[in-house]
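In what follows, a single structure is set out as structure tokens and then discussed.
Residue numbers (the working numbering), protein chains in the order written: chain A, 32 to 445; chain B, 32 to 445.
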């Protein structure tokens, strides 16, 4: 067969990729390339320590899941998720003022899919998001194909009066987005008054309020604060919950990311809309991983491993902060986070550009996440996110030593 | 805490859902409601028979996958998929003229996700798709959030000259979409000459050509035809493959849908673009299900169960067609498909509206997929898709008996 070919020198050009693809940052490529650097200490990601994975129990759970529930596990399941898992999640996240039912729950294929679905349901091109700033990189990634605009909520700015500011900030937005527990990237806990103000603003304006909570149970000091969805239910009781908060979570930080199991808890009308979006995204989440997740929840696996997880991560947080104090206090300010996975280090010198520093850091064998990736415009160049959960204390200390060396070399070169 | 509430009688209104959500059909709701009808015979879906699932072997494979590869299975994996699975898929789909490498392969969380990613990468709002018509419902679902426009390719229309027609048809489209093997919904095999013409038109125009092949190995009679990507590689050799064909597949029909494992094979530049889209969709596919899929491929599980699968489905196809001949030949025309999962029955009377018939069919205890759902405009009301893989022969016969009764009642009522 002879196929017609374009004329020599005039190859047929392919149609252009969608416009949003030209707007992504290059950081993923940098990170991938970093993977090839020998002995690199990587504090850029949000990775759990693989040693927390309850491997033996999960292996047996996986066998049992397939053997005991073959039709449910191996077939197409309901788009919304397996009924038993939805019921278990409804029970887990109910509170006295927040009686949840299965109709409040959508199982998602990872927390990231939850963000993607929220974007599909709520964003036309250019739609407005009132997002906590700086903003989780993955959320920016998930929404980029819908080309949204952002109104930045700096919830901890000096002089910030949440009650005065938030109603205006939410007005006209398709949704607000916040990570109240140990925000990604800053590690900060959003305080009770700001939580109340966020919920009040969502109730007053009608705007959806997306509460992303992957880290809530990684609490190292003090008591937890009420979730936004609990505050919302207290203000407007009713069953099932029908308010504006869209609460998202994942098993990635509590058990293992490889399950790719997340959930969204929201008003039934929102769950229905998200279900329609999920239908065209992956039709349903794997029954295999859903049944493993359900067994892990029912067997108490999350609670069984939590004390060891918390002790490990608390010690690493302390090790990272001690190393920061020893090596980097001349250049950076930071707060010790009470939970989560990250320390946010802000340069004292506003001219210290963490994008420009990154190649020097990589050359010294340390990789961090620069602040530009947590800003939809990429303009924030003054800070860095440092993860403390993946590496052992001595590696964290060595990493901060390397970073100090990189900064010295960078400033000398500048 | 007292939250400000909207004034009584003036509840705060929620922001509108994205526009595309107003354009979906109601068929899913009808199908869901149908699930509650006792003793319903459902030939609407594309479901495999659960009895083909190799349950015991998959249970043991699942245990072994977690126990033997805990870090890979339980952690975050590469966005593109586990290297070993990408290699195995590259080997499986290579051909003498088509030497594939890992860089040609993206693992997807189901075939549906592959469609979603193609839409994200290639469609701005209103982008043009040249789609084989009638068109797989799931593809319409996946692309609807990007609000595309469609140019319908009726590849088997009377007098259709593929070489004359297809170059014009593909010109200016972002991509063409075809299911060459036992098209969903029609069950038709796209012939060799039309395949050649599709590939030639893609080469000449540069347009991407999406070859969706979930059913290729479900071949009951005769020999397989070359894949579009093979024809493309023959016309423009080179390694790795860099041509316009984007070939998609899934394990859902060969092993079990519940794994939600699919793949895309394409030029490395397209794989890179799709990877960027996958990053914001679910970050990576579950390592658990990827490792199970890899073990199933390496252990020869697909080939081990295929003879029984083919024998079962061939007998059911014959049973459905015999029942059609016995009960419905007065009203419908159809062809016996040589593969796949579906028979497409077209009403002789153009006024027989299969949307309007559906409630009568449900009342009689039989559910089919009406042709309107395979048309982006919903205008095609004259046909129905009948699945033959899920139900036993005697149920298929009873289903067609019920359908004949429903048509009689429907025509009497009209």
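Ideal Cβ positions, reconstructed from N, Cα and C, are used throughout, including at glycine.
Other residues of its chain near residue i: CB distance less than 7 Å, five sequence neighbours each side excluded
| i | result |
| --- | --- |
| residue 118(A) | 133 |
| residue 80(B) | 343, 420 and 421 |
| residue 33(B) | For residue 33(B), the pLDDT reaches just 38, beneath the cut-off of 50, and the residue's location in the model is therefore unreliable, leaving the point undetermined. |
| residue 7(A) | Any property of residue 7(A) remains undetermined from this structure, which presents chain A solely from 32 to 445. |
| residue 236(B) | 198, 201 and 202 |
| residue 375(B) | 216, 217, 218, 365, 414 and 416 |
| residue 253(A) | 369 |
| residue 88(A) | 332 |
| residue 290(A) | 282, 320, 323 and 324 |
Contacts that residue i makes with chain B (C-beta to C-beta distance below 8 Å)
| i | result |
| --- | --- |
| residue 108(A) | 289 |
| residue 94(A) | 90, 91, 93 and 94 |
| residue 55(A) | 307 |
Residues near residue i by beta carbon distance below 6 Å, same chain, minus five either side
| i | result |
| --- | --- |
| residue 245(A) | 142, 281 and 284 |
| residue 230(A) | 259, 262 and 263 |
| residue 444(B) | none |
| residue 327(A) | 286 |
| residue 51(A) | 175, 176 and 178 |
| residue 38(A) | Residue placement at residue 38(A) is flagged as unreliable, the pLDDT there being 41, under the threshold of 50; the coordinate-derived value follows with that caveat. Cβ neighbours of residue 38(A) beyond the five flanking positions: none. |
| residue 147(A) | 173 |
| residue 111(A) | 137 and 306 |
Same chain, Cβ closer than 8 Å to residue i, five either side skipped, listed in chain order
| i | result |
| --- | --- |
| residue 30(A) | In the structure as shown, chain A begins at 32 and stops at 445. Residue 30(A) is therefore absent and cannot be evaluated. |
| residue 434(B) | 358, 359, 392, 395, 397 and 399 |
| residue 354(B) | 427, 428, 430, 431 and 432 |
| residue 44(B) | none |
| residue 49(B) | 176 |
| residue 339(B) | 83 |
Under 7 Å by beta carbon: chain A residues contacting residue i
| i | result |
| --- | --- |
| residue 318(B) | 289 |
| residue 44(B) | 237 |
| residue 20(B) | Chain B is shown from 32 up to 445; residue 20(B) falls before or after that span and cannot be answered. |
| residue 97(B) | 86, 89, 90 and 93 |
Neighbour list for residue i in chain B, Cβ cutoff strictly below 9 Å
| i | result |
| --- | --- |
| residue 403(A) | Within chain B, no residue comes near residue 403(A); the closest Cβ sits about 17 Å away, beyond 9 Å. |
| residue 71(A) | Those do not exist, as residue 71(A) stays about 16 Å from chain B at its closest Cβ, beyond 9 Å. |
| residue 78(A) | 106 and 107 |
| residue 275(A) | 43 and 45 |
| residue 81(A) | 101, 102, 105 and 106 |
Contact belief for residue i with residue j at Cβ below 8 Å, rounded distance in angstroms
| i | j | result |
| --- | --- | --- |
| residue 196(B) | residue 242(B) | Rounded, the Cβ-Cβ distance is 18 Å, inconsistent with contact. |
| residue 139(B) | residue 293(B) | 4 Å |
| residue 439(B) | residue 415(B) | 16 Å between Cβ atoms; not a contact. |
| residue 212(A) | residue 436(A) | No, residue 212(A) and residue 436(A) are not in contact; Cβ-Cβ is about 34 Å, not under 8 Å. |
| residue 225(B) | residue 337(B) | That pair is no contact at about 27 Å. |
| residue 456(B) | residue 71(B) | Since the first residue shown for chain B is 32 and the last is 445, residue 456(B) is missing from the structure and cannot be characterised. |
| residue 14(B) | residue 418(B) | Missing from the structure shown is residue 14(B); chain B here goes from 32 to 445 and no further. |
| residue 130(B) | residue 265(B) | In fact, because the Cβ distance is near 12 Å, the residues do not count as touching under 8 Å. |
| residue 379(B) | residue 363(B) | 7 Å |
| residue 295(B) | residue 137(B) | 5 Å |
Beta-carbon neighbours of residue i, restricted to chain A and to distances below 9 Å
| i | result |
| --- | --- |
| residue 50(B) | 155 |
| residue 271(B) | Here the premise fails: no neighbours, minimum Cβ distance about 16 Å. |
Contact set between residue i and chain D, taken where Cβ atoms lie within less than 7 Å
| i | result |
| --- | --- |
| residue 61(A) | Protein chains in the displayed structure are A and B, and chain D is not among them. |
Neighbouring residues, chain B, relative to residue i (Cβ below 7 Å)
| i | result |
| --- | --- |
| residue 186(A) | What residue 186(A) touches in chain B: nothing, since even the nearest Cβ is about 18 Å away. |
Does the stretch 141 to 160 of chain B come close enough to the stretch 213 to 232 of chain B to have 3 or more Cβ pairs within less than 8 Å? no
Could you please tell me which residues of the stretch 149 to 176 of chain B, in chain order, have their CB closer than 8 Å to any CB of chain A? Cβ contacts with chain A: 151, 152, 153, 154, 155, 156, 158, 169, 172, 173, 174, 175 and 176.
Counting only Cβ-Cβ distances shorter than 9 Å, please list the residues of the stretch 123 to 150 of chain B near chain A, keeping chain order. 139, 140, 141, 142, 143, 144, 146, 147 and 150
Check whether the stretch 328 to 335 of chain A touches the stretch 158 to 177 of chain A, counting contact only when three or more Cβ pairs, one atom from each stretch, lie closer than 8 Å. no
Interface positions of the stretch 339 to 372 of chain A facing chain B (Cβ-Cβ less than 7 Å), listed along the chain: The residues in question: there are none.
Any contact between the stretch 66 to 83 of chain A and the stretch 95 to 108 of chain B? By contact I mean 3 or more CB pairs, one from each, below 8 Å. yes
Is there contact between the stretch 300 to 311 of chain A and the stretch 91 to 101 of chain A, where contact requires at least three CB pairs shorter than 8 Å? no
Name, going along the chain, the residues of the stretch 304 to 333 of chain A whose beta-carbon falls closer than 8 Å to a beta-carbon of chain B. Flagged, chain order: 304, 307, 308, 310, 311, 312, 313, 314, 315, 316, 317, 318, 319, 320 and 323.
Give the residues from the stretch 230 to 259 of chain B that approach chain A closer than 8 Å (Cβ to any Cβ), ordered along the chain. 230, 231, 234, 235, 236, 237, 238 and 239
Output needed in chain order: residues of the stretch 412 to 433 of chain A with a Cβ under 9 Å from some Cβ in chain B. none
Report yes or no: do three or more beta-carbon pairs, one from the stretch 306 to 321 of chain B and one from the stretch 311 to 321 of chain A, lie closer than 8 Å? yes
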